[in-house]
Amino acid sequence: MGSTSSVSWLSCMGILRFGCVTRLCDPQAYAATPRSTSRSAISPRKHPSQARRIADRVVVMRSTRRGLLALAAGLPAAVLAACSPSPIVTGGPSAPFSPTPTGPVQSPGAARAADWTTRLRALVGTAPAQDADWAAAVTAQADAHLVRLDAADPLVPDAEPVFTPSPAPAPTTAPFEDALAALLAEGADLFGELVTDAQSQPERLLHASLAAAAAGLRNRALAPVPGEGTPIRFPETSLDGSLLVALSHVWALLHGLEVGLGRLPEGDVHDAARRRLAEAREQRNHLRAAVDGDSPEQEVAYEMPNPMTTPEEITDALAVLEQGLLDALARLVATGTEGTDWLQEMLQQVPQVQAWGGRLPHWPGWAQV
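Here the sequence shown is numbered in numbering that gives the first Met the number 0, starting from 0 and rising by one per residue.
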């Protein structure tokens with residue numbers, strides 16, 4: 000009847016005990032026992048009762064074989080494939096798929112600048128009472144900066160902030176002047192690093208502007224004002240193109256200084272204008288030397304911001320002209336040209352603006368064209 004092969008096949012499939020596969024693919028353990036050739040056949044006529052018992056066993060074996068075959072056919076594919084040394088099934092259901100977030104991500108540079116600005120805002124809140132007006136103006140400037148830095152794109156005008164500002168730090172125990180000086184020194188290093196790491200001209204100008212704004216806070220007699228310029232994306236410019244723009248502004252400043260010297264009375268303001276004239280000529284020569292090829296000639300005259308008929312008008316006009324040169328130097332910073340520290344030259348222009356009573360805008364370097 001093929002009982003030996005049937006037992007071996009069922010042994011390879013496995014033995015079910017308490018609903019679990021306890022042994023799989025181990026035909027050696029269930030090898031059929033060889034039949035004895037010495038046992039004689041039993042005659043039904045000579046031994047009727049024993050013959051009936053043998054027939055009943057054969058029926059049971061056939062029924063059992065059919066049941067096991069049906070059970071094996073119904074086993075899941077996973078059970079049939081689980082032919083491994085260990086019968087233990089590990090693991091649970093797979094976790095549901097979680098899509099990767101696609102929301103805006105704040106750039107590392109903007110995040111670091113925002114953190115520094117948040118700490119500046121907290122510090123100026125502890126300024127002495129005599130600096131209350133200055134502190135209020137700096138707070139307004141810091142708020143304007145944070146709105147942009149916490150936006151999805153700081154270079155998009157009127158963008159709403161989408162990132163959570165850093166928590167305000169604990170109040171410092173150091174004197175206000177010392178704490179401010181330390182924070183401004185930290186800001187100079189930070190923004191210088193961010194300018195170097197920037198990947199585009201608009202981004203580079205953004206951090207250069209923040210550096211100039213921080214430098215202007217060293218003079219607490221002149222608080223910042225909102226201004227008209229604001230960070231935007233712009234077509235990238237060449238070094239020579241930016242040099243020509245800077246040259247035109249330094250020429251305009253030279254013209255204004257010469258006009259002012261001819262109309263100012265002798266005194267401190269006149270002496271300051273004379274010293275600045277010598278410095279501006281050196282700046283002109285430096286810019287002309289940086290131009291690749293022949294540089295254009297200076298115009299005979301330039302339009303001045305006002306009539307410059309009084310000392311007040313003269314100093315106001317000179318402050319505007321100095322600010323124009325600062326904005327032009329900022330574009331040189333944006334070009335990212337190696338070999339000349341244009342950021343340092345831009346920052347040196349900050350006290351030149353303030354020397355004539357000029358107040359830096361919230362975003363110095365972003366001229367409204």
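Glycine included, each C-beta is placed from N, C-alpha and C at the ideal position.
Treat the numbers as computed from the prediction; the structure is a model and nothing was measured.
Residue closest to residue i, alpha-carbon to alpha-carbon, out of the options
i: Pro107; options: Ser241, Ala143, Glu202, Met307; result: Glu202
i: Thr172; options: Thr125, Asp270, Leu359; result: Thr125
i: Gly323; options: Asp267, Ala197, Ala245, Gln200; result: Ala245
i: Gly292; options: Gly240, Ala279, Ala277, Asn218; result: Gly240
i: Leu263; options: Tyr301, Phe233, Pro310; result: Pro310
i: Thr236; options: Thr117, Leu119, Gly335, Ala128; result: Gly335
i: Ala151; options: Ala141, Gln140, Pro164; result: Pro164
i: Asp326; options: Pro306, Thr308, Met307, Gln351; result: Gln351
i: Ile231; options: Val268, His285, Gln200; result: Gln200
i: Tyr301; options: Arg287, Ala316, Asp340; result: Ala316
For residue i, three-class secondary structure by DSSP
i: Ala136; result: helix
i: Ala150; result: strand
i: Pro107; result: helix
i: Pro310; result: helix
i: Ala350; result: One detail in the question is off: residue 350 reads as Pro in this sequence, not Ala. Reduced to three states, the DSSP call for Pro350 is helix.
i: Pro160; result: strand
i: Gly255; result: helix
i: Ala126; result: coil
i: Arg203; result: helix
CA-to-CA distance, residue j to residue i, given in whole angstroms
i: Pro170; j: Leu243; result: 47 angstroms
i: Thr314; j: Gly255; result: 10 angstroms
i: Gly228; j: Phe175; result: 30 angstroms
i: Trp362; j: Leu346; result: 13 angstroms
i: Gly191; j: Arg147; result: 19 angstroms
i: Val395; j: Leu221; result: Given that the chain is displayed from residue 0 to residue 368, the structure contains no residue 395 and the question cannot be resolved.
i: His384; j: Leu320; result: Here the chain has residues from 0 to 368 only, and residue 384 is not among them.
i: Leu253; j: Gln198; result: 34 angstroms
i: Gly356; j: Ala318; result: 7 angstroms
i: Met303; j: Val258; result: 10 angstroms
i: Ala333; j: Gly266; result: 39 angstroms
i: Arg273; j: Gln105; result: 48 angstroms
i: Gln282; j: Ala135; result: 35 angstroms
i: Ala211; j: Gln129; result: 24 angstroms
i: Ala388; j: Leu342; result: Examination of residue 388 is not possible in this model, given that the chain is present from 0 through 368 alone.
i: Arg275; j: Thr195; result: 30 angstroms
i: Pro377; j: Ala251; result: Because the chain in this structure spans residues 0 to 368, residue 377 falls outside the shown range and cannot be described.
i: Leu193; j: His206; result: 6 angstroms
i: Pro360; j: Gln348; result: 14 angstroms
One or two residues paired with residue i in a DSSP bridge
i: Pro360; result: Val224
Residue i CB to nearest heavy atom of the ligand ZN below 7 angstroms
i: Arg232; result: With respect to small molecules bound, the structure shown includes none, and the ligand ZN cannot be examined in it.
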